[in-house]
Every structure is written in C-alpha cells, then in structure tokens.
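Here is the structure we will look at.
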Amino acid sequence: MVIQKEKKSCGQVVEEWKEFVWNPRTHQFMGRTGTSWAFILLFYLVFYGFLTAMFTLTMWVMLQTVSDHTPKYQDRLATPGLMIRPKTENLDVIVNISDTESWDQHVQKLNKFLEPYNDSIQAQKNDVCRPGRYYEQPDNGVLNYPKRSCQFNRTQLGNCSGIGDSTHYGYSTGQPCVFIKMNRVINFYAGANQSMNVTCAGKRNEDAENLGHFVMFPANGNIDLMYFPYYGKKFHVNYTQPLVAVKFLNVTPNVEVNVECRINAANIATDDERDKFAGRVAFKLRINKT
C-alpha cells in the first residue's frame with residue numbers, strides 16, 4: 006500500500022524556513038544557540054590563526070636562507086642564451102624600405118635600448134677597465150659591497166651606433182643593424198679565461214646565398230672578458246651588457262632569410278637541441294623593396 010506524502014503549502018514551507026533561521030521558542034539561529042555558534046567561531050578562529058602563524062613562521066625561516074642579491078640555485082641558467090635587438094614578437098626583423106612605419110618602430114626601440122650606452126653616460130657611471138681579463142671585485146669582508154662596471158661605449162658599435170646616422174641604423178636604406186646580446190648569468194665567467202666572439206650565418210645553403218655580406222662591431226664580433234662576472238642587479242646597478250652589432254649589407258630583397266648567430270666560447274655549449282637559445286639565437290630577416 007502506497008502512502009502518499011502530504012504536500013505542504015507554500016505558506017507552511019516559508020514558516021518552516023523562518024523557524025529554521027530563527028526559532029523564538031529555543032532561541033536558536035540556524036539550528037544552533039548563541040553559545041554553540043560562539044564555540045564554533047572560536048574554534049575556527051584559533052585553528053586558522055594557528056595555520057596562518059605556522060605558514061608565516063615557515064616563510065620567515067625560509068627567507069632567512071635566501072639572499073636578496075644572489076639566487077640560491079642557478080642550475081637552470083648554466084648556459085646563457087642570446088637575444089637580438091630590436092626585440093620583436095617572433096624574432097622577425099621585417100623592413101619595407103618604402104614604408105617608413107615598417108622600420109621606424111625598430112629605430113625607436115633601438116634608440117631607447119642604446120641610450121644607456123652613450124659615451125657620456127658610460128664615462129660618468131662606469132670604469133675604464135683593462136681588456137683581456139675578468140673584472141673581479143671581491144667583497145673584502147664587506148657584505149653586499151656595490152660593484153663597479155666596465156665601460157661599453159656606444160661608439161664601439163661603429164656604423165651601427167646610430168650616432169649622427171641619417172640612415173637610421175641602416176633601416177631606411179635596406180642595410181639594417183641587428184644587435185646581439187648575451188643574457189646575464191650571475192657569477193658566470195664567460196669564456197673560461199679565453200677570448201670569445203659571436204659569429205652569424207645563414208641556417209641553410211639558400212639562406213647563406215641570400216644573406217650576402219655583413220660586417221660586425223666590435224670587429225669580428227669580439228666580446229671582452231672584462232665585462233664578466235656579473236654580480237646581480239642589486240650589486241651591478243650600472244651594468245651594461247656587451248653588445249655585438251651585425252650590419253647586413255646586401256641581403257637579397259623580398260626573400261625571407263633565416264639567420265643564426267652563435268657565441269664561440271670555451272665554456273658555452275651551442276649544440277643543445279633541447280634549448281634553441283643556449284648560446285645562440287635564430288631570427289628571420291626580410292628586406293622588402295617595392
């Protein structure tokens with residue numbers, strides 16, 4: 006025999022809900038008395054207060070072992086990468102000589118990027134160092150002793166310095182300059198006390214043919230040892246990375262050319278297929294003439 010459950014009216018449901026929220030006979034709010042709610046709130050207050058205090062203490066203890074100036078672990082940055090300027094989204098340097106807007110954005114980026122390399126700024130902030138050896142600066146017992154940097158003057162970039170250059174780094178004439186820089190790695194002695202330089206070439210045979218001739222500044226793409234080691238952003242406040250400028254003289258127009266630049270140094274590997282930027286950088290160069 007099926008017993009049908011008596012349906013409650015809408016008014017009965019509302020009354021039951023009101024009684025659940027506040028019962029005037031038992032003085033209960035949502036099924037609990039004021040004392041019960043007070044004990045529950047006190048329990049969670051103590052519980053979460055304890056968790057917060059334990060987390061804060063753990064973080065404080067951990068931070069005591071971390072330096073503000075030098076990362077504790079650098080295993081993922083054992084090999085510095087290379088990067089180009091002007092910086093583009095897909096590492097594509099595309100220039101349309103007849104379209105000023107296509108290359109003016111690159112010129113503006115380079116003007117801003119090279120401003121700290123102005124000779125006057127370098128002379129004011131950085132030291133004239135002896136070439137061919139590392140510029141080591143021990144703390145001598147003074148914690149977090151600030152470090153000096155060696156001058157890298159903009160004039161070292163020759164025809165790519167952009168100083169008094171009516172061709173706008175060569176972009177307005179189809180002979181663009183691309184700048185190569187090495188990413189910073191703290192306390193890394195690049196070159197292992199031997200000379201090093203950057204070389205560039207077309208990635209494939211057809212790229213090499215279309216790339217044509219180019220010149221590099223400083224000569225032969227040399228990077229001097231005196232710009233190493235790098236001690237970190239907070240130590241090396243005025244540090245400016247050494248640059249290599251590549252001026253492409255006669256790239257085949259209206260053709261996309263794949264270029265790869267590598268650093269040749271005794272302690273920098275450039276053949277790691279898992280990391281395409283380890284010691285090298287590849288970019289696409291296209292000079293459009295209409």
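Okay, so the sequence shown: first residue is 6 according to our numbering, each after it adds one. We put the CB at the ideal spot given by N, CA and C, even for glycine.
For this session: Rounded to whole angstroms, what's the CA-CA distance from Met6 to Cys15? Just pull it up for me.
Result: Walking along the sequence shown from the start, residue 6 turns up at place 1. Walking along the sequence shown from the start, residue 15 turns up at place 10. Only weak support exists for where Met6 lies, its pLDDT of 49 falling under 50; the value from the coordinates is given anyway. So the two alpha carbons sit approximately 28 angstroms from each other.
For this session: Could you say which of Ser171, Trp27, Phe253 lies nearest to Val220 if we only look at CA atoms?
Result: Here residue 220 refers to the residue found at position 215 of the sequence shown. Looking at the Cα atoms, Phe253 is the closest of the given residues.
Exercise. How would you label Gly284, buried or exposed, when you count the other beta carbons within 10 angstroms and need 16 or more for buried?
Worked result: Counted from its first residue, the sequence shown places residue 284 at position 279. Gly284 should be labelled buried.
Exercise. If you draw a straight line from the alpha carbon of Thr160 to that of Phe60, how long is it in whole angstroms?
Worked result: On the sequence shown, residue 160 is found 155 positions in, with the first residue counted as 1. On the sequence shown, residue 60 is found 55 positions in, with the first residue counted as 1. Looking at the two C-alpha atoms, the distance is approximately 53 angstroms.
Problem set entry | Start-to-end residues for the alpha helix (DSSP H) that takes in Gly39 | Here the question's residue 39 lines up with position 34 in the sequence shown. Gly39 -> alpha helix (DSSP H) spans 39-68.
For this session: Would you please state the rounded distance, in angstroms, between the beta carbons of Asn202 and Ile185? I believe it to be under 8 angstroms.
Result: Residue mapping note: residue 202 aligns to position 197 of the sequence shown, counting from 1. Residue mapping note: residue 185 aligns to position 180 of the sequence shown, counting from 1. With a Cβ gap of about 11 angstroms, Asn202 and Ile185 do not count as contacting.
For this session: Kindly indicate which residue of Gln246, Ala250, Tyr232, Pro234 has the alpha-carbon position closest to the one of Ala224.
Result: In the sequence shown, the residue the question calls residue 224 occupies position 219. Closest by alpha carbon: Ala250.
Problem set entry | Asn263 vs Lys289 beta-carbon contact at 9 angstroms | Against the sequence shown, residue 263 aligns to sequence position 258. Against the sequence shown, residue 289 aligns to sequence position 284. Result yes, Cβ atoms of Asn263 and Lys289 sit closer than 9 angstroms.
Problem set entry | Validate contact between the segment 180-197 and the segment 272-279 using beta carbons, cut 8 angstroms, 3 pairs | These segments touch.
Problem set entry | Under the three-state DSSP convention, the category Thr3 falls into | With the chain covering only 6 through 295, there is no way to say anything about residue 3.
For this session: Kindly list the residues whose CB is nearer than 8 angstroms to the CB of Asp280, restricted to its own chain and excluding five residues on each side of it in sequence; keep chain order.
Result: Here residue 280 refers to the residue found at position 275 when the sequence shown is read from its first residue. The residues are Thr84, Gly86.
Problem set entry | CA-to-CA distance, Glu106 to Val286, given in whole angstroms | On the sequence shown, residue 286 is found 281 positions in, with the first residue counted as 1. On the sequence shown, residue 106 is found 101 positions in, with the first residue counted as 1. When rounded, the distance between both Cα atoms is 26 angstroms.
Problem set entry | Contact the segment 170-184 vs the segment 228-246: 3+ CB pairs below 8 angstroms | No, they do not touch.
Exercise. Ser14 by DSSP, collapsed to three states: which one?
Worked result: Locating residue 14 in the sequence shown gives position 9, counting from the first residue. Residue state, collapsed to three classes: coil.
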